[in-house]
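**Student:**
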Amino acid sequence: MAEPKSFKKRKLIIGIMAGEPEVFSMAQEELGNLFGSIDMESNFFPFTYTDYYSKQMGGASLMRKFISFDTLVDPETLSEIKITTNRIEEKIRIDFQSPHRIVNIDPGVINDSSLIMATVKDFAHRIPLQKGIY
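Quick note: the sequence shown uses the numbering used here, first residue 2, plus one each step.
1) Extract the residue ranges of the alpha helix (DSSP H) inside the region 67-92, only unbroken runs of 4 or more that lie entirely within it.
2) Would you tell me roughly how many angstroms separate the C-alpha atoms of serine 26 and isoleucine 93, rounded to the nearest one?
3) For lysine 10, which of helix, strand or coil comes out of DSSP?
4) Within its chain, find whatever has a CB closer than 7 angstroms to the CB of methionine 118; leave out the 5 residues flanking it on each side and keep chain order.
5) Could you give the DSSP three-state label for glutamine 29: helix, strand or coil?
6) Cα separation between alanine 19 and asparagine 44?
7) Within the continuous alpha helix (DSSP H) that includes tyrosine 54, where are the two ends?
8) Buried or exposed, going by whether 16 or more other CB atoms sit within 10 Å of the CB of alanine 28?
Here you go:
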């Protein structure tokens, strides 16, 4: 019988989606304060895959980027990280005095064999983690 082993730490990667540069800046600052130095940052690219977020986020012309951090994380903490990023989304909404969501922050963990992104939306390929996070 195979024996369970402790998970190796993984690289934390976070996708940020917003319509305004100031929102990206605030999100990155908040995330850096929590998770440490950003070691990689993608270019911005238009998010046109679906209109789900533009409807939810006030019809903004949305851009997306990914960042990752120096410090590795225990993959068992991914659901807690997602809960934390949801709180950051709400803090930014309040700070910008917006009546609707203005940023989407999606954390995940990556290693040489997988990329796992956390979400609150159930779907066939998503595994329940804890506290409503898949």
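Note that the Cβ used here is the ideal one computed from N, Cα and C, for glycine as well.
**Tutor:** According to the structure shown:
1) none
2) For the purposes of this step, residue 26 is taken as residue 25 along the sequence shown, with counting starting at 1. For the purposes of this step, residue 93 is taken as residue 92 along the sequence shown, with counting starting at 1. Answer to the nearest angstrom: the Cα atoms are 11 angstroms apart.
3) On the sequence shown, residue 10 is found 9 positions in, with the first residue counted as 1. It is coil, neither helix nor strand.
4) Numbered from 1 along the sequence shown, position 117 holds the residue referred to as residue 118. Cβ neighbours of methionine 118 beyond the five flanking positions: Asp107 and Gly109.
5) The residue given as residue 29 occupies position 28 in the sequence shown. In this structure, glutamine 29 counts as helix in the three-state DSSP scheme.
6) As a working note, residue 19 is residue 18 in the sequence shown. As a working note, residue 44 is residue 43 in the sequence shown. Rounded to whole angstroms, alanine 19 to asparagine 44 spans 13 angstroms at the Cα level.
7) The residue given as residue 54 occupies position 53 in the sequence shown. From DSSP, the alpha helix (DSSP H) with tyrosine 54 extends over 53-57.
8) Counting from 1 along the sequence shown, the entry for residue 28 is found at position 27. It is buried - the Cβ of alanine 28 has at least 16 other Cβ atoms within 10 Å.
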